[in-house]
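Participant: Handing you a structure now.
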Amino acid sequence: SECGLREWVAVQSDSGDHTKWGEVERILNMTAVRIQEMGGTVDIADVGTHQLPSGETVSLPPVILAEFERDPKKATLCIYGHVDVQPAKMADGWTTDPFNLTEIKGSLTVNIKLIIEGLEEVGSYGLLELTRKRNDSFFADVDFIVISDNVWATRNPALTYGTRGSSYFFVEVDGPKLDFHSGVYGGSIQEPMSDLIALLGSLLDHTGKILVPGVTDDVAPLTEDERKLYDNISFDLEEMKSVAGVKHFLQDTKEEVLMARWRNPSLSIHGIQGAFSEPGTKTVIPKQVTGKFSIRQVPNMDPPDVERKVKEHLQQVFSTLKSPNRLRVTATVGAKPWVANLKNPQYVAGQRAVREVFGVEPELIREGSTIPIAQNFQEETGKSVMMLPIGGHDDGEHSQNEKISRYNYIEGTKLFAAYFYELSLVK
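Per the numbering used here, the sequence shown starts with residue 1204, numbered consecutively.
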């Protein structure tokens, strides 16, 4: 119900801030209670501890493993979801409170199991290990795994068959013992900020091309079958420019833009920690700064190999600066890309369900973001994995004023009901 959704939206389960992991546990407990109210059995699985960058060891929020009464004559579907969120506040530019829901303009045909976690936004700590531990028990009778964790690419409904992987990097440059006044020391010392800007500027050019040697060498070539999939996607460049608020993309054609977003790697610089960023002026030379960037990876790219090449590149560039400052490069996440088999019966069921509910053929798309567990589930369990998105193309995921329309919320519910039915026919 809308009241129930309002209560859930209000929980600030930002997993990127470990001080809010209590809120993550709270919404996981709310989820467990709701599943039990629906007649499911719940296993609150402990996934151990995690060491923070500070060295502190903290307990990880648990993972929910749940299932409903099963019929051995039916296929078993396992649904994955997560209840943690990205940080959001009014100061970011939201026009409504991001944690206050705001309105702006019979029997099942398959057995159901659920996996609900609360750390997806920070890399799903502990879930891969749990999957391995429960592969011969919880997953043993699972036939299909479906994930509903992304959005349509256009105004048309879609099925997602691939995501990019991701590695997140921290580049720390450490210099003087103290922050200095630029009027006293400016021009007489090699500043950590200047070193960091040089390092970040060496990563890519103005066209978005990644300049780290060897990183893109292993990208899977484009096949003719894959190329044809882009022909049927009703992607309107002008509309997407308007939605994004940009004058132009780095590519000229629909196909090139979509490939850049979905099947080609990219590097994005996200911020600098330790630098003065408040309104007004402050003429400080920071003693230590940390740059943050990530690389979205595609099939045939290997996260450990990417990490090695990035570190070698940054060390090489830093050596040319002949700086007395100290460099430290670390990486986290390291999630692999994922691509599914479109000929799997689960995708046949998904296409039929979309036709039944929306009356159109679904667009077969990839997702430029990273959902690590998709590849992990597929690799560790050997089960078919599909993404069945219900979010609209303009929902603004992870951005200010993120939303879901009433239409997508209601029709998405119908889509899952139709999907359950169609899946029972292809088993």
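Each residue gets a CB set at the ideal place from its N, CA and C atoms; glycine is no exception.
Where does Asn1303 land, buried or exposed, given buried means 16+ other C-beta within 10 angstroms?
Facilitator: Exposed: under 16 other Cβ atoms inside 10 Å.
Participant: Mind checking which residues open and close the alpha helix (DSSP H) that includes Phe1619?
Facilitator: Its alpha helix (DSSP H) spans residues Arg1609 to Val1629.
Participant: For the alpha helix (DSSP H) that Ala1552 lies in, which residues bound it at each end?
Facilitator: Residues Pro1548 to Phe1561.
Participant: Lys1586 to Phe1580, Cα distance in whole Å?
Facilitator: Spanning the two alpha carbons is a distance of roughly 7 Å.
Participant: Taking the continuous beta strand (DSSP E) assigned at Ser1636, which residues delimit it?
Facilitator: Given a span of 1204 to 1630 for the chain in the structure shown, any question on residue 1636 remains unanswerable.
Participant: Closest to Glu1240 by CA distance: which of Asp1220, Val1227, Phe1271 and Glu1320 is it?
Facilitator: The option with the nearest alpha carbon to Glu1240 is Phe1271.
Participant: What does the alpha-carbon distance come out to for the pair Asp1398 and Ser1526?
Facilitator: Approximately 8 Å, taken between the alpha carbons.
Participant: Would you mind reading off the limits of the beta strand (DSSP E) that contains Arg1529?
Facilitator: That run of the beta strand (DSSP E) goes Arg1529 to Ala1538.
Participant: Do you know whose CA, among Lys1512, Met1590 and Val1245, lies nearest Asn1547's CA?
Facilitator: Nearest of Lys1512, Met1590 and Val1245 to Asn1547, Cα basis: Met1590.
Participant: Using C-beta distances below 7 Å, list every residue in its chain close to Thr1363, excluding the 5 sequence neighbours before and after it, in chain order.
Facilitator: If we look at Thr1363 and ignore the five residues flanking it on each side, its Cβ neighbours are Asn1353, Ile1568, Arg1569, Glu1570, Met1590 and Pro1592.
Participant: Of the choices Lys1431, His1473, Val1345 and Val1418, whose alpha-carbon is the least far from that of Pro1502?
Facilitator: Measuring from the Cα of Pro1502, the nearest candidate turns out to be Val1418.
Participant: Can you grab the Cα-Cα spacing for the pair Gln1393 / Ser1497, in whole Å?
Facilitator: For Gln1393 and Ser1497, the distance between alpha carbons rounds to 26 Å.
Participant: Give me the Cα-Cα distance between Gly1296 and Val1588, rounded to the nearest whole angstrom.
Facilitator: Roughly 36 Å separates the two Cα atoms.
Participant: Alpha carbon to alpha carbon, what distance is there between Tyr1622 and Asn1359?
Facilitator: The alpha-carbon atoms of Asn1359 and Tyr1622 are separated by roughly 17 Å.
Participant: Looking only at C-alpha atoms, which of Val1374, Met1462 and His1285 sits nearest to Glu1510?
Facilitator: Per the Cα distances, Val1374.
Participant: Could you work out which residue in Val1449, Gly1242 and Gly1326 is closest to Ser1369 when comparing CA atoms only?
Facilitator: The residue with the shortest Cα to Cα distance from Ser1369 is Gly1326.
Participant: By alpha-carbon positions, which one of Ala1577, Ser1218, Thr1305 and Val1449 ends up nearest to Pro1264?
Facilitator: Looking at the Cα atoms, Ser1218 is the closest of the given residues.
Participant: Inspect the beta-carbon positions of Ala1269 and Val1245 and report whether they are closer than 8 Å.
Facilitator: Yes, the pair counts as a contact, with Cβ atoms nearer than the cut-off.
Participant: So, under 8 Å CB-CB, Val1460 and Leu1440 are touching, yes? Tell me the CB distance rounded to an integer number of Å.
Facilitator: Between Leu1440 and Val1460 the Cβ distance is about 7 Å, and since that is below 8 Å, they are a contact.
Participant: Identify, in the order they occur along the chain, each residue of the same chain with its Cβ nearer than 6 Å to the Cβ of Ala1463, setting aside the five sequence neighbours on each side.
Facilitator: Contacts found: Gln1454.
Participant: Quick one, which of Leu1333, Gly1404, Ile1315 and Ile1613 has its alpha-carbon nearest Leu1208's?
Facilitator: Closest option to Leu1208, Cα to Cα, is Ile1613.
Participant: Can you name the residues that DSSP bridges to Asp1246?
Facilitator: Asp1246 is bridged to Leu1268.
Participant: What is the DSSP secondary structure of Phe1580, counted as helix, strand or coil?
Facilitator: Three-state DSSP puts Phe1580 in a helix.
Participant: Below 8 Å between beta carbons: does that hold for Lys1444 and Lys1450?
Facilitator: Cβ atoms of Lys1444 and Lys1450: closer than 8 Å.
Participant: When you compare only the Cα positions, how much space is there between Asp1346 and Arg1430?
Facilitator: Roughly 30 Å separates the two Cα atoms.
Participant: Could you confirm whether any beta carbon from chain B is found closer than 8 Å to the beta carbon of Trp1211?
Facilitator: Going by chain labels, chain B is absent from the structure shown, which holds only one protein chain.
Participant: Given that a residue counts as buried once 16 or more other Cβ atoms are within 10 Å of its Cβ, and exposed if not, what is Tyr1610?
Facilitator: Result: exposed.
Participant: Which whole-angstrom value is the C-beta distance of Leu1231 and Ile1319, which I expect to be below 8 Å?
Facilitator: Correct: roughly 7 Å between the Cβ atoms.
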